[in-house]
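With our numbering, letter number 269 in the sequence shown gets 372, and the count goes up by one each step, no holes.
Just so you know, even glycine gets a beta-carbon here, dropped at the ideal spot from N, CA and C.
Right, one structure below, let's go through it.
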Amino acid sequence: MRRALCQEAMGAQLMVLSPQMEMVIMQITEFYPSGPGRQQPHSAAPTGPGDEVARGIAGEKFDIVKKWGINTYKCTKQLLSERFGRGSRTVDLELELQIELLRDTKRKYESILQLGRALTAHLYSLLQTQHALGDAFADLSQKSPELQEEFGYNAETQKLLCKNGETLLGAVNFFVSSINTLVTKTMEDTLMTVKQYEAARLEYDAYRTDLEELSLGPRDAGTLGRLESAQATFQTHREKYEKLRGDVAIKLKFLEENKIKVMHKQLLLFHNAVSAYFAGNQQQLEQTLQQFNIKLRPPGSEKPSWLEEQ
C-alpha cells in the first residue's frame with residue numbers, strides 16, 4: 104500500500120513538471136530522431152560543420168534533461184521520505200517560526216485590506232446618497248415657500264457631509280492603497296525568496312541523504328569516484344541553501360522594519376481621519392490630509408471616483 108502511494112505521489116510530481124521536459128525533449132528529437140543515446144545510422148553524405156553544431160546543441164539539451172531528471176527524482180524521493188516519516192530534514196527553528204509568522208501576518212493584513220475596500224465602497228455609496236438627498240432638499244427649498252428654511256439648512260448639512268465624506272474617502276483610499284502595496288508587493292517579494300529557500304532546502308537534504316547513503320556503502324574504485332562527485336554536488340547545494348537562508352533572514356528583518364514604519368503612519372492617518380469625520384471637525388480632517396500629503400480630485404472633475412480607482 105505504501106509503495107503504491109509513493110508511486111502515485113511521484114507520478115503526480117512528474118506530471119506537474121512534464122510540460123517543461125516535453126518541450127526540451129521535442130527540441131532534442133529534432134537532432135536525434137531515433138532518440139538520444141541511440142546509435143544513428145551511418146550516412147553516405149559527408150558530415151558538415153552545421154551537423155556538428157546541431158549535434159553539440161542536442162548534446163547540451165540532453166544533458167539538461169538528464170540533470171533535471173536526476174534532480175527531480177532525488178527531490179521527489181526526499182519529499183516523500185519526509186512526508187512518510189522515513190527521512191530527516193534540516194530545520195532552522197528560529198527562521199521557520201519567522202516564516203510562519205509572516206504567512207499568518209499576511210493573511211491578517213489581507214483581511215484588513217478586504218475590509219478596507221468594503222469600507223471604501225460603503226462610503227462611496229453613502230456619499231452618492233447624501234449628494235442626491237442634498238439636491239432634493241435644495242430643489243424642494245425653492246418650490247416650498249412654507250418650508251424653505253427647513254429644506255434649506257438640511258440641504259446645506261448634506262452638502263457639508265458630502266464634502267467631509269469626500270475628504271474621509273480620500274484618506275481611507277490612501278490607507279487601502281498603502282496596505283495593498285505592503286501585502287501584494289513587499290510581503291509577496293519576501294515570500295518568493297522563502298519559496299526559493301524552501302526549494303533549496305529540499306535539494307540540500309536530498310543530496311545530503313544521497314551522500315550519506317554512498318558513504319555507508321562499500322569503498323571500491325567505482326564507488327570512490329561517485330563519492331567524490333556526490334561530495335562536490337552536495338557542497339554546491341549546501342552553499343546555495345546557506346546563501347538563500349541568509350537572504351531570507353535579511354529580507355524578513357527589513358520587511359519587519361518597513362512594516363512597522365508604514366503601519367505607524369497609516370494607522371495614525373486612519374485614526375485621525377475617522378475621528379475628525381465623526382466629530383464633525385472639518386478643519387482637523389483637512390489638516391490630516393495635508394499632514395500626509397494626500398490630494399483630493401477637484402470637485403466636478405471627470406476623473407474616476409475613489410472606488411473606481413481601486
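### Query
Can you give the Cα-Cα distance for R85 and V286, rounded to whole angstroms?
With the chain covering 104 to 413 only, the question about residue 85 has no answer from this structure.
### Query
From E389 to G383, what does the alpha carbon distance come to, in whole angstroms?
Translated into the one-based positions of the sequence shown, residue 389 becomes position 286. Translated into the one-based positions of the sequence shown, residue 383 becomes position 280. Taking the straight line from one Cα to the other gives about 11 Å.
### Buried versus exposed call for I282 [16 or more other C-beta atoms within 10 Å across all chains shown]
Here residue 282 refers to the residue found at position 179 of the sequence shown. Per the 10 Å Cβ criterion, buried.
### Message
Suppose the cutoff is 8 Å on Cβ atoms and the five residues either side in sequence are ignored; what does the same chain contact list for V351 look like?
### Response
Here residue 351 is taken as the residue at index 248 of the sequence shown, counted from 1. Hits under 8 Å: L198, I202, T293, T296, V297, Y300.
### Task
Give the single residue among D195, V168, S244, N267 whose Cα lies nearest to the Cα of Y344.
Position 241 of the sequence shown, counting from 1, holds the residue named residue 344. Here the closest residue by C-alpha is D195.
### Task
Look at N276 and T223 and say whether their C-beta atoms are less than 8 Å apart.
Mapped onto the sequence shown, residue 276 falls at position 173. Mapped onto the sequence shown, residue 223 falls at position 120. Yes. Within cutoff.
#### Entry: Segment limits, alpha helix (DSSP H) that includes F277
By 1-based counting over the sequence shown, the position of residue 277 is 174. F277 -> alpha helix (DSSP H) spans 251-284.
### Query
If you run the structure through DSSP and keep just helix, strand and coil, what is P248?
Within the sequence shown, numbered from 1, the residue matching residue 248 stands at position 145. Here P248 sits in helix by DSSP.
### Message
Distance check for E359 and A333, CA to CA, integer angstroms please.
### Response
Residue mapping note: residue 333 aligns to position 230 of the sequence shown, counting from 1. Residue mapping note: residue 359 aligns to position 256 of the sequence shown, counting from 1. C-alpha separation (whole angstroms): 39 Å.
### Task
Determine the contact status of A309 and Q181, defining contact as a CB-CB distance below 8 Å.
Taking the sequence shown and counting its residues from 1, the one referred to as residue 309 is at position 206. Taking the sequence shown and counting its residues from 1, the one referred to as residue 181 is at position 78. Going by C-beta atoms, A309 is nearer than 8 Å to Q181.
### Message
Rounded to the nearest angstrom, what separates L250 and E291 at their Cα positions?
### Response
Counting from 1 along the sequence shown, the entry for residue 250 is found at position 147. Counting from 1 along the sequence shown, the entry for residue 291 is found at position 188. In a straight line, the C-alpha of L250 is about 59 Å away from that of E291.
### Query
Quick one: Cα of N375 to Cα of T391, how far?
The residue you call residue 375 lines up with position 272 of the sequence shown. The residue you call residue 391 lines up with position 288 of the sequence shown. Distance between the alpha carbons of N375 and T391 is about 7 Å.
### Query
Which value, in whole angstroms, describes the spacing of the CA atoms of C265 and T208?
For this step, residue 265 is matched to residue 162 along the sequence shown. For this step, residue 208 is matched to residue 105 along the sequence shown. Roughly 35 Å separates the two Cα atoms.
### Message
Quick check on F357: does DSSP put it in helix, strand or coil?
### Response
In the sequence shown, the residue the question calls residue 357 occupies position 254. Reduced to three states, the DSSP call for F357 is helix.
### Message
For A379 and Q369, which I take to be in contact (beta-carbon distance under 8 Å), what is that distance rounded to the nearest angstrom?
### Response
Sequence index remark: in the sequence shown, residue 379 carries index 276 (1-based). Sequence index remark: in the sequence shown, residue 369 carries index 266 (1-based). Not really, about 16 Å apart at Cβ, beyond 8 Å.
### DSSP three-state assignment for R186, whether helix, strand or coil
Here residue 186 is taken as the residue at index 83 of the sequence shown, counted from 1. If DSSP states are grouped into helix, strand and coil, R186 belongs with the helices.
### Message
I'd like to check one pair, R304 with T193: are the Cβ atoms closer than 8 Å?
### Response
Counting from 1 along the sequence shown, the entry for residue 193 is found at position 90. Counting from 1 along the sequence shown, the entry for residue 304 is found at position 201. Yes; because the gap between Cβ atoms is below 8 Å, this pair is in contact.
### Message
Closest to A235 by C-alpha separation, out of S247, K262, G255, would be which residue?
### Response
On the sequence shown, residue 235 is found 132 positions in, with the first residue counted as 1. Comparing Cα-Cα distances from A235 to each of S247, K262, G255, the minimum goes to K262.
### Message
Whole angstroms are fine: how far does the CA of Q385 sit from the CA of E342?
### Response
As a first step, residue 342 must be located in the sequence shown, where it is residue number 239. As a first step, residue 385 must be located in the sequence shown, where it is residue number 282. About 59 Å.
#### Entry: G328 classed as buried or exposed, judged by whether at least 16 other C-beta atoms fall within 10 angstroms
In the sequence shown, residue 328 corresponds to position 225, counting from 1. So G328 counts as exposed.
### Message
Using a 10 Å radius around the Cβ and a threshold of 16 neighbouring Cβ atoms, would you call P149 buried or exposed?
### Response
As a position in the sequence shown, residue 149 is number 46, starting the count at 1. Only weak support exists for where P149 lies, its pLDDT of 49 falling under 50; the value from the coordinates is given anyway. P149 should be labelled exposed.
### Backbone CA spacing between V78 and L230 [nearest angstrom]
Outside the displayed span of the chain (104 to 413) sits residue 78, for which this structure offers no information.
### When F254, P248, H367 are compared against D238, the one with the closest alpha-carbon
The residue given as residue 238 occupies position 135 in the sequence shown. When only C-alpha atoms are compared, the closest one is F254.
### Query
Tell me which same chain residues have a C-beta within less than 7 Å of the C-beta of R348, skipping the five on either side of it?
If you number the sequence shown from 1, residue 348 lands on position 245. For R348, where only same-chain residues beyond five positions count, the Cβ hits under 7 Å are D195, L198, Y300.
### Task
Would you mind listing the alpha helix (DSSP H) stretches within the segment 170-240 that are 4+ residues and don't spill past its ends, in chain order?
none
#### Entry: Three-state secondary structure assigned by DSSP to N375
Taking the sequence shown and counting its residues from 1, the one referred to as residue 375 is at position 272. In this structure, N375 counts as helix in the three-state DSSP scheme.
### Query
What first and last residue would you give for the alpha helix (DSSP H) that runs through R322?
Within the sequence shown, residue 322 is the residue found at index 219, counting from 1. No alpha helix (DSSP H) contains R322, which DSSP labels as neither H nor E.
### Task
Determine the direct distance from the alpha carbon of G219 to that of T260, and round the result to whole angstroms.
The residue you call residue 260 lines up with position 157 of the sequence shown. The residue you call residue 219 lines up with position 116 of the sequence shown. Approximately 26 Å, taken between the alpha carbons.
### Message
Please state whether the Cβ-Cβ distance between L200 and L272 is less than 8 Å.
### Response
Position 97 of the sequence shown, counting from 1, holds the residue named residue 200. Position 169 of the sequence shown, counting from 1, holds the residue named residue 272. No, these two residues do not count as a Cβ contact at 8 Å.
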